[in-house]
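Novice:
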Amino acid sequence: MVEENMTCFMQRKGENPMVFVLDTNKRPLAPCHEAVARKLLKQGKAAIYKRFPFTIILKKSVDESEIKTTYRLKIDYGSRHTGLAILRGQEVVWLGQLDHRTDIKERIDKRRAFRRARRNRKTRYRKPRFLNRRRKDGWLPPSLESRVQNIQTWVNRLKKLCPIGYISYENTKFDTQLMRNPEINGVEYQQGTLQGYEVREYLLEKFGRKCCQ
């Protein structure tokens, strides 16, 4: 599966860009300021371990007692974009945005068309087999499966680069009809603003029987 795009946002004005740090045994340490990372690299005490997200690795080991897991990873899920943030208390250490793919359904439809055309050319007399398939338990649509796997991939990557002790996941749903009408209930959800109106009469009443321009 093609990896989705990740964008970092720690270069904005007023925010200090942080660099991930590993010890020589590849254990995650507290992120440091880019000026400190530049100094360690210049003095030969560290080397570049990863370009994105930028990570350095020290040339010495660190005692486990000095590694404090006080960082929290927050995830704000969305259908097109997912926000990731690493916090130290109330301080934001790192921000990122994961851009999800939106062409999976289109590509699957195209693949299906090619497959059916190929079978029609080469195996047109084969016995039909379209009713003998079943979905496994826990099956998810490919577009949703892609989002889940990519979020999981980046969470695992960040856990290897930063001592994350807590993960917060935000996935809320808003009932917009209930927000407009607190007393709505039952079948009323199926009765929209056009209930009891013809479309023409509804538009005339909505705009006061005047030109909307």
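For the sequence shown, my numbering begins at 2 and goes up steadily by one. Backbone N, C-alpha and C define an ideal beta-carbon position, used for all residues, glycine too.
#1: Mind checking which residues open and close the beta strand (DSSP E) that includes residue 170?
#2: So, residue 99 versus residue 85, is the Cβ gap smaller than 8 angstroms?
#3: Under a Cβ-count criterion, where at least 16 other Cβ atoms within 10 Å of its own Cβ denotes burial, should residue 207 be classed as buried or exposed?
#4: Taking C-beta to C-beta, are residue 50 and residue 164 nearer than 8 angstroms?
#5: Taking the beta strand (DSSP E) that residue 21 belongs to, which residues open and close that run?
#6: State the Cα-Cα distance for the pair residue 21 and residue 32, rounded to the nearest angstrom.
#7: Going by DSSP, what residues sit across from residue 51 in a beta bridge?
#8: Shortest alpha-carbon distance to residue 57 belongs to which of 65, 64, 43?
#9: To test your reading of the DSSP string, which unbroken beta strand (DSSP E) runs of 3 or more residues are found completely within the segment 81 to 164?
#10: Pick from 134, 76, 148: whose alpha carbon is nearest that of residue 102?
#11: For the alpha helix (DSSP H) that contains residue 207, what are its first and last residues?
#12: Once the 5 residues before and after residue 168 are set aside, which same chain residues still bring their CB inside 6 angstroms of it?
#13: DSSP on residue 74, reduced to helix/strand/coil?
#14: Let's test the definition: count the other Cβ atoms within 10 Å of the Cβ of residue 151 and tell me whether it reaches 16, buried, or not, exposed.
#15: According to DSSP, is residue 41 helix, strand or coil?
#16: For the alpha helix (DSSP H) containing residue 179, list its first residue and its last residue.
#17: Between 122, 142, 137, 117, which lies nearest to residue 130 when the distance is taken from Cα to Cα?
#18: Below 8 angstroms CB to CB, which residues in the same chain sit around residue 24 once its five sequence neighbours on both sides are set aside?
#19: Excluding the 5 residues flanking residue 172 on each side, which residues of the same chain have their C-beta closer than 7 angstroms to its C-beta?
Specialist: According to the data block:
#1: Indexing the sequence shown from 1 puts residue 170 at position 169. From DSSP, the beta strand (DSSP E) with residue 170 extends over 165 to 171.
#2: As a first step, residue 99 is located in the sequence shown; it is residue number 98 there, counting from the start. As a first step, residue 85 is located in the sequence shown; it is residue number 84 there, counting from the start. Pairing residue 99 with residue 85 gives a Cβ-Cβ distance under 8 angstroms.
#3: Here the question's residue 207 lines up with position 206 in the sequence shown. Exposed, by the Cβ-count rule.
#4: Along the sequence shown, one-based indexing puts residue 50 at 49. Along the sequence shown, one-based indexing puts residue 164 at 163. In this structure, residue 164 does not lie closer than 8 angstroms to residue 50 by Cβ.
#5: Indexing the sequence shown from 1 puts residue 21 at position 20. From DSSP, the beta strand (DSSP E) with residue 21 extends over 19 to 23.
#6: Taking the first residue of the sequence shown as position 1, residue 21 is located at position 20. Taking the first residue of the sequence shown as position 1, residue 32 is located at position 31. C-alpha separation (whole angstroms): 5 angstroms.
#7: The residue labelled residue 51 in the question sits at position 50 within the sequence shown. By DSSP's assignment, residue 51 forms a beta bridge with 56.
#8: On the sequence shown, residue 57 is found 56 positions in, with the first residue counted as 1. Per the Cα distances, 43.
#9: Taking 3 residues as the minimum length, the beta strand (DSSP E) runs contained wholly in the segment 81 to 164 are 82 to 89, 92 to 100, in order along the chain.
#10: By one-based count along the sequence shown, residue 102 stands at place 101. Minimum Cα distance to residue 102 is reached at 148.
#11: Counting from one through the sequence shown, the residue named residue 207 turns up at place 206. Start and end: 200 to 207.
#12: The sequence position of residue 168 within the sequence shown is 167, counting from 1. Result list for residue 168: 74, in chain order.
#13: Residue mapping note: residue 74 aligns to position 73 of the sequence shown, counting from 1. DSSP places residue 74 in strand when its eight states are reduced to three.
#14: For the purposes of this step, residue 151 is identified with residue 150 of the sequence shown, where counting begins at 1. Residue 151 is buried by the Cβ-count criterion.
#15: As a first step, residue 41 must be located in the sequence shown, where it is residue number 40. Residue state for residue 41 is assigned as helix, using DSSP reduced to three classes.
#16: If you number the sequence shown from 1, residue 179 lands on position 178. For residue 179, the enclosing alpha helix (DSSP H) has its first and last residue at 177 to 181.
#17: By 1-based counting over the sequence shown, the position of residue 130 is 129. Of the candidates 122, 142, 137, 117, the one whose C-alpha sits nearest the C-alpha of residue 130 is 117.
#18: For the purposes of this step, residue 24 is taken as the residue at position 23 of the sequence shown. So the qualifying residues of the chain are 30, 58, 59, 61, 62, 63.
#19: The count along the sequence shown starts at 1 and reaches residue 172 at position 171. Only residues of its own chain outside the window of five on either side were considered, and among them 78 have a CB closer than 7 angstroms to the CB of residue 172, listed in chain order.
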